[in-house]
Amino acid sequence: MGRAKKAILAYSGGVDTSVCIPYLKEEWGVEEIITLAADLGQGEELGPIKQKALDSGASISLVADVTKEFIEDYAFPAIQANALYENRYPLSTALARPLIAKKLVEAAEEYGADAVAHGCTGKGNDQVRFDVAIAGLNPNIKVLTPAREWGMSREETIAYGEKFGIPSPVKKSSPFSIDRNLLGRSVEAGPLEDPWNEPPEEIYAMTSAIADTPDTPEYVEIGFEAGLPVSLDGTALAPVELVTQLNAIVGRHGYGRIDMVENRLVGIKSREIYEAPALLALIHAHRDIESLTLTKDVSHYKRGIEETYSQMVYNGLWFNPLKQALDAFIKETQTRVSGTVRVKLFKGTMTIVGRKSANTLITEELSTYGADDKFDHKAAEGFIYVWGLPTRVWSEKLRG
Ligand code: ARG
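Residues 8 to 407 in this note's numbering are what the sequence shown lists, from first letter to last.
Below is the structure:
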C-alpha cells in the first residue's frame, strides 16, 4: 500500500517537479498523478509544460489560468494593506502560494484525489505556505513532499529522472533560482548568496538598467476607488490589464528593484533580489492617497495592522482566522480611499508629485496660514496645558 492512491502535483515543468512524478509512483506507491500548472501571468507558454507532465508519467495534465484571481483576490487586498515584509519586500512570490494551494485542493476534490504534492525543499518559506494553506482549506487531504525527503543532489535528481525518460536540462542551468509571476520576479542563489556581490544586470527582466532608461521623466496618474487601483491616466482598466500596463511603464524607467537580506520563517537569512515594478508603485501610491483620506487615528492604527498582515502573508498564514479578521478591518478602512495620485518616473526613481480626492480631509480653512484661517488659536493654549501636564508635573518634582 502506497502513501496515497491519487495525488494532484503542483507542476512547474522543471526537473525537480518532473522527477516528482515517477518518484511518487515508484518509491511511494502513489497509483495516479495528476499535475496542475498555474498560469499566474508569468508570460510563459504553458503548452509544452502540459505535454511534459504527460511524458513524465502524469495521467492528466491540468493548466489553470488564475491570473485574474491572483490580481483581484490576492494582490489587490495586499495593496490595500500596503503589505511590505520587513518594510521592503512586496510579497510577490508569497501571494501566489495560497492561490496555488487553493487550486490544488479544488482539483483534489474534483478528481477524487486523497493527496496533493509539491516539490518544495525543506529550507524555504514556500513549503510552509503550501502545507499550511492546504491544511487551512481541507485538513483531510494528505500533503506529499518528495523533494523534502528524497535527499538526492541535483545530479542524482537528474540521473533519477533520466531513468524515466525525463530529459536533463538542455542549456547549462542558470546558477540562479528564479520565481516569477505577473507581480514580479524573485531571484536568489548562485553568486547572489554572497550579500557583498552586486547583482549582475542579466538577472533582471521587468526593469531596465538605469543606463537604458529614457532621458525624460514620465508622469502617470493612478486612480483609486475604495482603495483599489482602477485607472491609469484617466483610462479605466481591469485589474490584470492595469498591472500589465503599469509594469511596462514603471519597468522601463528602472523603478521597482529591491536588493535585501531577509529573515525567512525557518530562521535562515537569505539574500534576495526582487523586481516588482507595478506592485511597488501601487503600494506607494495607495499609501499616499490614504494619507489624504484616512483620519489620523485610523491611519496610525492601520500601520500596526499592516505589519502583522505582512508577516502573516509571508509566514504562510493566508487562510487563518486572524488574517481574515485583519482583512475585514482593512476593507472597512478603505471605503473612502478614492482619488488620483500623480507619480513621476525618472532614472530608477518614482516620486509622488501630486494627489487629489473628493474625499480629501485637508480643510483649507484649518490648514491655511492665510487670512481666512478658522483654526481657534486660543483653543491651542488650553489643549497644550492639559497635554503637557504630566511632563510638567514630573519635571517640577524632579527639580524640587
Ligand atoms: N524569499 C521570497 C519569499 O519567500 C521569494 C522566494 C522565491 N523563490 C525563489 N526560488 N527565488 O517569498
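Where is the CB? At the ideal position from N, CA and C, for every residue including glycine.
Under 8 angstroms Cβ to Cβ from residue i, same chain only, skipping five residues before and after it: list those, please.
i	result
residue 216	208 and 261
residue 191	97, 99, 100, 213, 263, 281, 282, 283, 284 and 286
residue 49	187, 188 and 189
residue 319	325, 327, 329, 330 and 333
residue 172	62 and 63
For residue i, which three-state DSSP category applies?
i	result
residue 333	helix
residue 18	coil
residue 12	coil
residue 403	helix
residue 78	helix
residue 321	helix
residue 138	helix
residue 358	strand
residue 315	helix
residue 346	strand
residue 168	helix
residue 158	coil
residue 388	helix
residue 352	strand
residue 277	strand
residue 24	helix
residue 375	coil
residue 151	strand
Which residue's Cα is closest to the Cα of residue i: the options?
i	options	result
residue 105	183, 82, 149 and 119	82
residue 221	61, 352, 397 and 93	352
residue 267	203, 135, 398 and 359	203
residue 146	109, 28, 16 and 199	109
residue 372	139, 382 and 336	382
residue 298	171, 151, 369 and 143	369
residue 107	232, 137 and 68	137
residue 317	63, 58, 95 and 17	95
residue 321	33, 404, 141 and 273	273
residue 201	230, 72, 57 and 276	276
residue 47	80, 233, 67 and 64	80
residue 258	225, 158 and 406	225
residue 130	404, 156, 148 and 255	156
residue 290	379, 36 and 91	91
residue 232	385, 25, 84 and 30	84
Among the residues of its own chain, which have a CB less than 7 angstroms from the CB of residue i, if the five just before and after it don't count?
i	result
residue 343	300 and 366
residue 169	175
residue 210	183, 194 and 280
residue 76	106
residue 154	23, 27, 126, 127 and 128
residue 252	239 and 244
residue 325	105 and 140
residue 364	296, 299, 300, 345 and 346
residue 340	301, 305 and 309
Residues in the same chain with beta-carbon distance under 6 angstroms from residue i, minus the five sequence neighbours each way, listed in chain order, please.
i	result
residue 12	38 and 121
residue 357	262, 288 and 350
residue 293	86
residue 42	16, 18, 60, 65 and 68
residue 44	18, 53, 56 and 70
residue 197	182 and 183
residue 72	46
Under 7 angstroms: does the beta carbon of residue i sit that close to some heavy atom of the ligand GTP?
i	result
residue 404	The ligand GTP is not part of this structure, which contains only the ligand ARG.
Is there a Cβ from chain D that is less than 8 angstroms from the Cβ of residue i?
i	result
residue 329	Given the protein chain composition of this structure (a single chain), no chain D is represented.
Which complete beta strand (DSSP E) runs does the stretch 230-273 hold, if anything under 3 residues is left out? 235-239 and 264-270
Exercise answer, beta-carbon shell around the ligand ARG heavy atoms below 7 angstroms: 96, 98, 100, 101, 131, 132, 133, 184, 185, 186, 193, 194, 195, 269, 271, 277, 279 and 321
Completely contained beta strand (DSSP E) runs for the stretch 169-223, where each covers 3 or more residues: 184-188 and 191-195
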